[in-house]
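Protein chains in written order, with our numbering: chain A, 55 to 1119; chain B, 6 to 301.
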């Protein structure tokens, strides 16, 4: 577009804007929201190696191929259209990520119902926000109601009527609620009726089953349950206490229900009951199985449609932890074949009389099994370690390696380069992974270093050959990273002392001031300065020590369940001030916030100073300020009381006063897990909640949710800023570890910057990471985490999206020569563009094959470059510093030698291209002339012979055998591009023989050039004379200057290399 | 879809080259081969450039369009109007492709009725894919073979879409597509109309039209190749006018879920140029490499 026209267009746009939004032309406060900051991309480094809990599975055959949907416990919905070879997340834009139920409409494979909120109600379970439907195979979702259900255990769709859908809603785990029971819609989700309600506000639905031949006949297990921070009950408060749990049947689609119990249905056990699982044999619907938790928990079978029952198996894995394992699946073809997911997967082939464990080789803690109705040997099972496939009826298992739904609790980093990531996961031990690796962060770049459930984990700052890791209940070990020898170093109680109370997720803290000092918290705070050889108890009991909250041996309801998961009145968070090693904060799960300023000699509980905070609020995080010993942040998590809101405070006076930094109207959603200061900008804060990551640039006045690279609303349990790299590393509970590379721009995104139409926001200096290749072809069925871009990141901010007119980025060297031009990203807010730091690829003469090793230019030398952005009529500039990789064993001088050598070859390839074009030019001219002198056969022959001679010279320069086979033909071009590739692959000092090789190849080319020149000198004058006599134009060889200028703008190859100056600073 | 044939082309290159080169170069070659495949994908959506707009429609445009036909009409109006679009009988586009350090030249030539030729050029060698209204063919010269090959039905699926010069939204009903206005959606912070286009060939496209200008800002393509779903995302910007028609001069493309995007920068668009029929017809014999410059 002509410049004046462009100006006109811009003007018209301005006018239009003013007309449409009166006053819009006036300066207005720039938006600070999710889109402002989400242009900083994130990368998910996994891992799918350990994966995470799968709560729901459904699958359907479409066009002969198997479509599989997976409901992750806290990582959204995943879809595979190839039977599991590849998966993609399809629920990432929704507000929650916890999935309890999945159902594909039997009448329409593109209609999927999803119940959010997992129903396997362990202590760490997340929450949902209702029932969703997609009618386009998961491309888009609509919340269809039940917003206060919190969790949904099962969805059933009437196979004869897609509008009739049943939802089994256990309801809220942590508080009373009427929003629970069995719900039904008859209009496809527009409206819902509660068709079965519990007898009290803690009783909801644990399972429903439908008679596939008579869909109005359903069975429902109703479950009375409640979790508190310190206890859990499935059923009543004890094995014989009153419970609202019950078992019901309807034959009219839920209009009326009959309760089934020991009186009404012979053979059922005596009440009270806990959780109930129920299923109907698809092939013979009169056969019904129910697992009923009671003082005599067992499997029951009815052969008469539920009228009478018979007790069957009650082996260990049938009755183990019913709150966590209460699912039954009957083979679609055989009513006597029953699966029960449990600690292991168990199978009965005799109608439930006996069961065998068949989960060998899998992780364990199964929750769901899908049996292929067409081939019942084909199973897909979900457990705490992800997804598993069996093709022999469960005898052996393939592990799914492509679901990065791992549930981290914490993450830490070391100072290696590249740094490692350490963290523990729900039921999946403690792992170390790479933050980058040539070829990508495959599953094999993660290493398991401990056992059990994993939580905090640190590289030992005093000896990086060791890590500290822990399993549940404070089972801490110091592990040798090389030998994997693990020394248990858990503090022990004193003589006659009761139990040391270690939380499920026991805090471990590394002193920021002393490399050898480590803390661990029970009810007392322990400190070791000798790697756990000895522990000093540096506090009294810092908790409320409330005996009512210490009755875990009675926890579980009908079935006792005391696994550390409810251990309470414990220290949960520890933070030593980086400014003063004597100042230590400790927060407890029962609501104490304790401070010592004398290294543990005396402690003060300051929680009473926190305004408007209910008593006993769980201190999920306390963080000593990085910049001031008097400053600290505290997050309180009240979800165990049914309050899902964030409560986050800051003190600047050692806890005497606190101010809320997350206002009620802040937009932040979800209970708070972690609050962190940036390591450079004190007012830049990061907050992780159950529903994602939020950032504030102004110390908590405003917050924006981070959604870079579709980062979902997944629980962010821990956050670390790498102090050297400025990377933001996130531990998510459901989607693994994510890294936001270089958050420097967030530090510089000032309110002033945000009022600009556009402005650069510089990041950290760009390192030229060593050229390296790694990894191998792993197939499609594995997850590989991406590396940071192998490029300099150029970051800028735009107040509005750029839509009209040219926008470009240009890079200039210190001599103000244009090095590269980049197409920019036009999004609103922060944008990031990658500059590969390379010159244009060399011009390579055409030959039989492409020379891919010469398809890129040499990497520019380290130095300072200028970036210029043109945006409409405006231009902006910034400086970009490029450095060597600090790991490089070569010096800048070596690098310059490499660059010079590469540029010599680059130039040689340019010369060669000119030579070939020159030869081709003469060939063409000879051919063209010979066509015009057909009457003079002798002269035409002379021209043709000369053309052939010339072509022989071309064939000395380039390989010419075509046909697509491995010809092995190497001429000067092939040798030169090979050398060029070698020089680019290693950026240190070139070998002497490489330097010599450049000279010899150059000489070989010159030999051909001389041969050509002398032939032309010999032949052309006479030839041109003859041509002149025939009124034909003379043949001339190409002129180098003209050729250079004609080829200088080619993106596919620089011509001679002379255009680029090198950096010398 | 044709682009995925080029992806398999990329794979073929990767498989082929370890015999030829030292393994250390494999990574680079893979990158290049993948970039080639990506670059050819750009070709797939090129005809989409027909989506254009006159700035002045903004005045009318901010009024709330209610139905999908109204929104598409606004979009076509934005194209410069149906008449203007139909007046373009042929078009040549020259662009630069980049992904990371890999750069190439990209050319597309369109001619009514329904002919297209796309070239992707590095080191003087052109990967060609073309469709003449009946036959889809390609030349993949990079490993030494320069004969034209027929493209499979699935591989040329999107080449056929590319041959539709006006893009699928124009006369979508006559073309057998179905359109649905999904509603408003924020696209990287910019309010857009989202249109779902279910195409006759089974592809599904989601168009994100800027709520102010009705210009396309983003396109999501779901296409099925040999029964497998392939998903890509396209971002459009730098709209400029060529003879009264607006074209996006900056395009970014990514595989859905991937963090890396490739870019294309349009350098030149020529309309109603003379394009020889032979450009679109499958040659009987092998095509010579790019003609070298003539001597004087």
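Beta carbons are placed, not taken as given, at the ideal position from N, Cα and C, and that holds for glycine.
Computed from a predicted structure; not experimentally measured.
Residue i and residue j closer than 8 Å at C-beta
{"i": "residue 190(B)", "j": "residue 199(B)", "result": "yes"}
{"i": "residue 50(A)", "j": "residue 1055(A)", "result": "Look at the range of chain A in this structure, 55 to 1119, and you will see that residue 50(A) is not part of it."}
{"i": "residue 887(A)", "j": "residue 917(A)", "result": "no"}
{"i": "residue 168(A)", "j": "residue 131(A)", "result": "yes"}
{"i": "residue 327(A)", "j": "residue 281(A)", "result": "no"}
{"i": "residue 224(A)", "j": "residue 259(A)", "result": "yes"}
{"i": "residue 347(A)", "j": "residue 330(A)", "result": "yes"}
{"i": "residue 285(B)", "j": "residue 136(B)", "result": "yes"}
{"i": "residue 771(A)", "j": "residue 463(A)", "result": "yes"}
{"i": "residue 1164(A)", "j": "residue 810(A)", "result": "The requested residue 1164(A) does not occur in the structure, where chain A is confined to residues 55 to 1119."}
{"i": "residue 1033(A)", "j": "residue 921(A)", "result": "no"}
{"i": "residue 420(A)", "j": "residue 399(A)", "result": "yes"}
{"i": "residue 194(B)", "j": "residue 832(A)", "result": "no"}
Length of the line joining the Cα atoms of residue i and residue j
{"i": "residue 1008(A)", "j": "residue 906(A)", "result": "20 Å"}
{"i": "residue 795(A)", "j": "residue 171(B)", "result": "41 Å"}
{"i": "residue 779(A)", "j": "residue 472(A)", "result": "9 Å"}
{"i": "residue 433(A)", "j": "residue 445(A)", "result": "6 Å"}
{"i": "residue 737(A)", "j": "residue 169(B)", "result": "54 Å"}
{"i": "residue 728(A)", "j": "residue 625(A)", "result": "16 Å"}
{"i": "residue 618(A)", "j": "residue 599(A)", "result": "16 Å"}
{"i": "residue 256(B)", "j": "residue 140(B)", "result": "28 Å"}
{"i": "residue 890(A)", "j": "residue 109(B)", "result": "15 Å"}
{"i": "residue 381(A)", "j": "residue 227(B)", "result": "36 Å"}
Local Cβ density within 10 Å of residue i, reported as buried at 16 or more and exposed below that
{"i": "residue 6(B)", "result": "With a pLDDT of 28 at residue 6(B), under the threshold of 50, the modelled position of that residue is not reliable, and no figure is offered here."}
{"i": "residue 989(A)", "result": "exposed"}
{"i": "residue 335(A)", "result": "buried"}
{"i": "residue 746(A)", "result": "buried"}
{"i": "residue 81(A)", "result": "Here residue 81(A) scores only 40 on pLDDT, less than 50, and its place in the model should not be relied on; the value that follows carries that caveat. The residue is exposed, with fewer than 16 neighbouring Cβ atoms inside 10 Å."}
{"i": "residue 551(A)", "result": "exposed"}
{"i": "residue 563(A)", "result": "buried"}
{"i": "residue 1046(A)", "result": "exposed"}
{"i": "residue 605(A)", "result": "exposed"}
{"i": "residue 872(A)", "result": "exposed"}
{"i": "residue 830(A)", "result": "exposed"}
{"i": "residue 172(A)", "result": "buried"}
{"i": "residue 182(A)", "result": "buried"}
Among the options, the one whose alpha carbon lies nearest that of residue i
{"i": "residue 438(A)", "options": "599(A), 788(A) and 521(A)", "result": "788(A)"}
{"i": "residue 827(A)", "options": "230(A), 490(A) and 342(A)", "result": "490(A)"}
{"i": "residue 1101(A)", "options": "609(A), 127(A), 967(A) and 447(A)", "result": "967(A)"}
{"i": "residue 157(A)", "options": "220(A), 852(A) and 107(A)", "result": "220(A)"}
{"i": "residue 401(A)", "options": "187(A), 858(A), 846(A) and 384(A)", "result": "384(A)"}
Contacting residues, own chain, Cβ-Cβ under 8 Å from residue i (five flanking each side not counted)
{"i": "residue 218(A)", "result": "211, 212, 238, 239, 240, 269 and 307"}
{"i": "residue 971(A)", "result": "899, 1092 and 1097"}
Cβ shell of residue i (< 7 Å), same chain only, five flanking positions each side left out
{"i": "residue 505(A)", "result": "483 and 525"}
{"i": "residue 941(A)", "result": "471 and 824"}
{"i": "residue 456(A)", "result": "102, 140, 141, 835, 836 and 837"}
Close beta carbons around residue i, own chain, < 6 Å, minus the five adjacent residues each side
{"i": "residue 427(A)", "result": "386"}
{"i": "residue 247(A)", "result": "238"}
{"i": "residue 280(B)", "result": "95, 114 and 116"}
Residue i: CB within 7 Å of a non-hydrogen atom of the ligand SAH
{"i": "residue 742(A)", "result": "Absent from the structure shown: the ligand SAH. Ligands present: none."}
Min CB distance residue i to chain D below 8 Å
{"i": "residue 879(A)", "result": "Note that chain D does not occur in the displayed structure, where the protein chains are A and B."}
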